[in-house]
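Quick notes on the structure that follows.
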Amino acid sequence: MALSIKPIGDRVVVEAAAAEEKTASGIYIPDTAKEKPQRGTVVAVGEGKKDEPITVKVGDEVLYGKYAGTEITYEGKEYLIMRESDIYAIL
């Protein structure tokens, strides 16, 4: 996926995964009760800091904090811009 947003420094652009529609037991979750997803796919990465190169790459599926990043809408899609340090794990 080619995204024309280029993050600066240690910033990463993540496309959040869709919120769960139903539970494991098959119960549908209403829109008002859905939780903000905590996983997504990296779509763009910055160049990193001088002493700390970026460890994630485009296409990595990652876990991040519940309130991490800044939400933006670009070309009709929702993205999060966050620091690489807000990412907890690569799946």
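Residue numbers for the sequence shown follow the working numbering, so the first one is 1275 and each next one is one higher. For every residue, glycine included, the Cβ atom is placed at its ideal position computed from N, Cα and C. It should be emphasised that the depicted structure is a prediction, and the values quoted were computed from it without experimental measurement.
Contact set for residue i: own chain, Cβ-Cβ below 8 Å, skip 5 residues either direction
i: M1356; result: R1285, V1286, V1288, Y1338, A1342, G1343, T1344
i: G1314; result: V1288, E1289, A1290, A1291, E1335, V1336, Y1338, L1354
i: I1301; result: none
i: T1347; result: Y1353
i: S1359; result: D1284
i: I1328; result: D1284, V1286, V1319, G1320, E1321, G1322, E1358
Within 8 Å, strictly: CB atoms of residue i and residue j
i: P1281; j: V1316; result: no
i: A1290; j: L1365; result: no
i: G1283; j: K1323; result: yes
i: I1279; j: V1330; result: no
Span of the beta strand (DSSP E) around residue i
i: E1352; result: 1351-1357
i: I1364; result: 1361-1364
Beta-carbon proximity list for residue i, same chain, < 7 Å, skipping 5 on both sides
i: K1340; result: K1310, Q1312
Entirely enclosed beta strand (DSSP E) segments - the stretch 1289-1344, minimum 3 residues: 1313-1319, 1335-1338
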